[in-house]
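Worksheet: one structure, shown below.
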Amino acid sequence: MLCDLHTHTHNSFDGFPEATAHAMAQAAVDAGVGVLALTDHCEVNGQVQGLYPYFDQSASFAEITAARDAFADKLTLLRGIELGQPMEHPEQALTMREAYDYDFVILSLHNIPNIPDFYLLRTDRMSEQHYHMLYDKLLDAMIASVAFPGVHTLAHVTYPARYWAEAGKQFDIKPHIPRLTKLFEALCKQGVALEVNVSTLWKGYGFAMPDREVLELYKHVGGELVTIGSDAHAPCNVGNSIADGCKLLLDCGFDQIVAYKEGKQFFVPITL
Ligand SMILES: [Zn+2]
Ligand SMILES: [Zn+2]
4 MLCDLHTHTH NSFDGFPEAT AHAMAQAAVD AGVGVLALTD HCEVNGQVQG LYPYFDQSAS
64 FAEITAARDA FADKLTLLRG IELGQPMEHP EQALTMREAY DYDFVILSLH NIPNIPDFYL
124 LRTDRMSEQH YHMLYDKLLD AMIASVAFPG VHTLAHVTYP ARYWAEAGKQ FDIKPHIPRL
184 TKLFEALCKQ GVALEVNVST LWKGYGFAMP DREVLELYKH VGGELVTIGS DAHAPCNVGN
244 SIADGCKLLL DCGFDQIVAY KEGKQFFVPI TL
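If you want this note's numbering, it's the position in the sequence shown, counting the first as 1, plus 3.
This is the structure:
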């Protein structure tokens with residue numbers, strides 16, 4: 004059974020108009036996905052400072068709940084959220100996290116405090132040294148964020164690699180192994196999983212976020228909990244490259260995906 008635990012509806016600022024929760028659920032059924040998490044963006048610094056477009060949390064949750072009920076006999080649908088940068092405004096983030104009965108909460112960092120989202124940076128004009136320094140800062144922010152209460156998995160740990168690739172440059176992960184090790188130790192201590200985000204596979208970048216070397220490091224540090232997601236923002240992308248990501252996970256020694264529903268942890272074996 005396939006799991007796709009990171010997807011967005013049109014209630015996310017960057018979701019496609021056709022990505023209703025109902026359409027995303029139907030797409031999951033059509034793609035053979037048995038466990039789907041709908042995880043709209045809740046960028047905490049967006050809600051508090053206006054750094055991202057406003058997110059209608061109530062509309063998102065209501066729509067996801069309606070889809071969950073409509074597809075109850077066809078799909079395990081997890082009501083989720085991708086909580087961005089919670090440590091920038093921890094009190095407000097906690098209020099948002101607890102405002103609704105979320106099954107599955109993704110911890111996500113798309114930007115470093117006071118610096119725009121990586122997708123907005125001019126990576127084509129940046130030196131490698133500068134970009135690596137920014138990634139170190141992002142990793143430090145991730146390390147500090149893992150202790151945020153009630154998060155289940157850490158999204159796309161190598162997020163900046165995607166935008167470096169967009170500028171036609173190959174991102175060298177080696178200088179970051181010490182920080183990644185520290186981060187993975189923190190994940191293990193807190194019982195927070197590591198996500199394999201396969202959007203970069205179906206978009207043709209040629210690597211997952213993270214890819215093999217980092218997954219093997221996580222395993223080496225003692226990491227056992229993994230999740231997987233397509234990061235689809237449109238129905239046509241639900242389930243994309245999940246099988247490839249599962250193969251990567253199996254190769255790295257992981258044989259099950261962890262998920263959460265109504266406060267309970269459960270595992271789905273990885274089978275190809
Ligand atoms: Zn994200
Ligand atoms: Zn996302």
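Glycine is no exception: its CB is placed at the ideal position from the N, C-alpha and C atoms.
Buried versus exposed, by CB contacts within 10 Å (16 or more), residue i
i: ASP175; result: exposed
i: ALA147; result: exposed
i: PHE269; result: exposed
i: THR98; result: exposed
i: ALA31; result: buried
i: ALA24; result: buried
Supposed close pair residue i, residue j - CB separation, criterion 8 Å
i: LEU141; j: PRO116; result: With a Cβ gap of about 10 Å, LEU141 and PRO116 do not count as contacting.
i: HIS11; j: ALA22; result: 7 Å
i: ILE245; j: PHE257; result: Not really, about 14 Å apart at Cβ, beyond 8 Å.
i: ILE231; j: CYS6; result: 6 Å
i: LEU204; j: GLY171; result: Not really, about 18 Å apart at Cβ, beyond 8 Å.
i: ALA340; j: LEU86; result: Here the chain comprises residues numbered 4 to 275, so residue 340 is not present and cannot be evaluated.
i: CYS255; j: GLU219; result: 5 Å
i: ALA34; j: VAL241; result: 5 Å
Selection from the options that minimises the alpha carbon distance to residue i
i: PHE74; options: ALA28, GLN88, PRO119; result: ALA28
i: ALA196; options: LEU228, PHE187, LEU124; result: LEU228
i: LEU80; options: HIS92, ALA62, GLN60, TYR105; result: TYR105
i: GLN52; options: GLU91, ALA30, HIS25; result: GLU91
i: SER111; options: ASN243, ASN200, ALA102; result: ASN200
i: LYS206; options: HIS236, LEU186, ALA262; result: HIS236
i: ARG165; options: VAL271, LEU123, PHE187; result: LEU123
i: LEU183; options: GLY226, GLY18, CYS239, LEU86; result: GLY226
Check each residue's C-beta against every heavy atom of ligand 4 and list, in chain order, those closer than 6 Å. The model on display carries ligand 1 and ligand 2 but not ligand 4.
Counting beta carbon pairs with one atom in the stretch 152–167 and one in the stretch 198–214, are three or more of them shorter than 8 Å? yes
In chain order, what are the residue ranges of uninterrupted beta strand (DSSP E) at least 3 long that sit wholly in the stretch 95–139? 107–111
The stretch 36–44 contacting the stretch 60–79, beta-carbon criterion three pairs below 8 Å: yes
At 4 residues or longer, what runs of the alpha helix (DSSP H) sit wholly inside the stretch 203–243? 215–224
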